[in-house]
Amino acid sequence: MKENFLGVDVSSYSYDELVRNLSNDIKTNQQSFIVAINPEKILKAQEDPNLMNLLNEATYQIPDGVGAVLASRLKGGKIKERVTGIDMFLALCEQAEIEGNSIFLYGAKPGVADMASENLVKRFPSLKISGVLDGYEKDQDRIVRTINEAKPDILFVALGSPAQEYWIVENMKNLDVNVFQGVGGSFDVISG
Ligand code: UDP
Numbered sequence: 002m003k004e005n006f007l008g009v010d011v012s013s014y015s016y017d018e019l020v021r022n023l024s025n026d027i028k029t030n031q032q033s034f035i036v037a038i039n040p041e042k043i044l045k046a047q048e049d050p051n052l053m054n055l056l057n058e059a060t061y062q063i064p065d066g067v068g069a070v071l072a073s074r075l076k077g078g079k080i081k082e083r084v085t086g087i088d089m090f091l092a093l094c095e096q097a098e099i100e101g102n103s104i105f106l107y108g109a110k111p112g113v114a115d116m117a118s119e120n121l122v123k124r125f126p127s128l129k130i131s132g133v134l135d136g137y138e139k140d141q142d143r144i145v146r147t148i149n150e151a152k153p154d155i156l157f158v159a160l161g162s163p164a165q166e167y168w169i170v171e172n173m174k175n176l177d178v179n180v181f182q183g184v185g186g187s188f189d190v191i192s193g
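Residue numbers for the sequence shown follow my numbering, beginning at 2 and rising by one.
This is the structure in structure tokens:
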């Protein structure tokens, strides 16, 4: 269920299919990593083989732009709809509330993840938020320890791209978390 654009894989799953797969990954205790793909990242990856490998290493590369949808249509491909990072984030929160899975928000300026967390609970009253941590903490061991102690099922990382993707790949083996998503400026949007 992947198509390739200039060397970068893009998943053709819809929100519903992704949410179902990810919820299954939590049930079967597997790790998945979601990265949002846009034309900017595809272009950057042309000159940066490390970035290209990193993007292709993710479990699901979501088509966060109309470009991939149009290009897929022209090729007779299967990408039917745009899947944005922020809507995927919200769809995962909605599913987590239904299934009783917990989330953790890591990233953005001090106070922002707390505000985003309050707004998420207004929208999804039974959502379990096991913790938040700002994106300016420098002690990597402390970050990993704090997240592992909170034991979330899903970790949203908002450090900007591609820093958040490099952070996820470097730390996922040390984290007892099933689903990882890099969400860019989403905490800033949700906190406002
Ligand atoms: N950020 C962070 N730590 C850093 C650098 C950035 O937590 O060391 C946060 C920043 O506060 C913002 C997010 O990362 O909330 C980046 O948002 P932006 O919209 O620039 O990311 P993009 O969606 O463009 O990747």
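Ideal Cβ placement from N, Cα and C applies to all residues, glycine included.
Residue i Cβ short of 8 Å to the ligand UDP heavy atom set
i	result
residue 133	no
residue 118	no
residue 159	yes
residue 165	yes
residue 137	yes
residue 113	yes
residue 189	yes
residue 228	This structure does not reach residue 228, given that the chain is present from 2 up to 193, and the question cannot be answered.
Pairwise C-alpha distance: residue j and residue i
i	j	result
residue 80	residue 45	22 Å
residue 87	residue 113	15 Å
residue 50	residue 180	25 Å
residue 7	residue 126	42 Å
Where residue i sits in the DSSP three-state scheme
i	result
residue 80	coil
residue 52	helix
residue 16	helix
residue 175	helix
residue 181	strand
residue 109	coil
Proximity of residue i and residue j at Cβ, strictly below 9 Å
i	j	result
residue 132	residue 162	no
residue 120	residue 63	no
residue 59	residue 106	no
residue 84	residue 19	yes
Nearest-angstrom Cβ-Cβ length linking residue i and residue j, presumed shorter than 8 Å
i	j	result
residue 128	residue 97	6 Å
residue 169	residue 104	No, residue 169 and residue 104 are not in contact; Cβ-Cβ is about 15 Å, not under 8 Å.
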